[in-house]
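First comes the structure, then the notes that go with it.
In the numbering used here, the protein residues as written are 10 to 304.
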């Protein structure tokens, strides 16, 4: 079988996934997610063809070794608190894909592993909160792969490199996290630091030199306000996996806003398609006090 051209390969995405079970919420709080929702709903239009399945790397699942969900009918993992009772009874009934899970296991194992399967793992909100707007009918199979709790950038870049062949097999790879994730420091005081970090991160991932991009991501904690934005880097590690799966490809922001007036949030598409997104409110702003810098 001949390999498709790079422009016809499946894109890879890093998505800022929003808070808790937001697609199932109602009322004023729900309106905060309008721009994010529109950006997610636009993703199927950006793909060269419908994917056979989606592989999600969620910032809400960590194990001592990379672990792959392998059940046929995954349940739900309600990994949030303080919401109304009805938001703990929601369903996103997308099927799993045991064959894809085994294919992922083989790829990771061949790259040095270790890796294991978990037939019991359900969809956490890092998965269902973004998949609900993308595929509301829940008709596309989904497999999740965990982070490794070392949170080592090099290990997660290597994971992405191992997963790259899936793009030629019509599997859509999505890293689900957040470009800024400090739940203790929410408020207006976070606006400038989060925008500075977001600007640096955009500069890093949009660097056309793949070695420079990887080097910047490996040392992300040297960026402006890095640890203020990510006291713990679980929500940034899915970006490392995505970057590893798409080394050398152009990166386009497909969403950006100063979320709730206090936290810059961005999403990125790794693909030969560099068409700009109308959902990126940060694109035209000089939103870093000193601009992005290289490390």
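We treat Cβ as the ideally placed atom computed from N, Cα and C, and that holds for glycine. As the structure is a computational prediction, the values presented were derived from the model and not from experiment.
8 Å contact criterion, which residue i and residue j should meet: CB distance rounded
| i | j | result |
| --- | --- | --- |
| residue 251 | residue 182 | 7 Å |
| residue 203 | residue 189 | 4 Å |
| residue 126 | residue 147 | With a Cβ gap of about 22 Å, residue 126 and residue 147 do not count as contacting. |
| residue 162 | residue 227 | 5 Å |
| residue 6 | residue 159 | The chain is shown from 10 up to 304; residue 6 falls before or after that span and cannot be answered. |
| residue 88 | residue 288 | Their Cβ separation, rounded to whole angstroms, is 26 Å, which puts residue 88 and residue 288 out of contact at 8 Å. |
| residue 45 | residue 27 | 5 Å |
| residue 265 | residue 291 | 3 Å |
| residue 280 | residue 259 | 7 Å |
| residue 70 | residue 138 | Not really, about 14 Å apart at Cβ, beyond 8 Å. |
| residue 85 | residue 100 | 7 Å |
| residue 124 | residue 112 | Their Cβ separation, rounded to whole angstroms, is 12 Å, which puts residue 124 and residue 112 out of contact at 8 Å. |
| residue 54 | residue 179 | About 16 Å; that fails the 8 Å criterion. |
Distance CB(residue i)-CB(residue j) smaller than 8 Å
| i | j | result |
| --- | --- | --- |
| residue 74 | residue 157 | yes |
| residue 153 | residue 130 | yes |
| residue 246 | residue 134 | no |
| residue 256 | residue 233 | no |
| residue 235 | residue 206 | yes |
| residue 23 | residue 271 | no |
| residue 48 | residue 286 | yes |
| residue 172 | residue 64 | yes |
| residue 222 | residue 20 | no |
| residue 169 | residue 253 | yes |
| residue 211 | residue 262 | yes |
| residue 200 | residue 267 | yes |
| residue 41 | residue 269 | yes |
| residue 29 | residue 132 | no |
| residue 150 | residue 191 | no |
| residue 243 | residue 68 | yes |
Endpoints, the alpha helix (DSSP H) within which residue i is located
| i | result |
| --- | --- |
| residue 112 | 107-119 |
| residue 222 | 219-227 |
| residue 141 | 134-143 |
| residue 153 | Per DSSP, residue 153 belongs to no alpha helix (DSSP H); it is in the beta strand (DSSP E), 151-157. |
| residue 249 | 246-254 |
| residue 203 | 200-214 |
| residue 43 | 43-50 |
| residue 39 | 37-40 |
| residue 176 | Careful: residue 176 lies outside any alpha helix (DSSP H) and carries neither H nor E. |
Residue i: first and last residue of the uninterrupted beta strand (DSSP E) it sits in
| i | result |
| --- | --- |
| residue 263 | 260-268 |
| residue 99 | Element bounds for residue 99: n/a, residue is neither H nor E. |
Beta-bridge partners of residue i, as assigned by DSSP
| i | result |
| --- | --- |
| residue 182 | 21, 64 |
| residue 78 | 127 |
| residue 275 | 265 |
| residue 242 | DSSP, once it has assigned bridges, lists no residue as partnering residue 242. |
| residue 289 | 265 |
| residue 85 | 132 |
| residue 71 | 156 |
Can you confirm whether the segment 72-80 touches the segment 95-113 when touching is taken to mean that 3 or more C-beta pairs between the two stretches lie within less than 8 Å?
yes
At least three beta-carbon pairs within less than 8 Å, the segment 112-122 to the segment 36-44:
no
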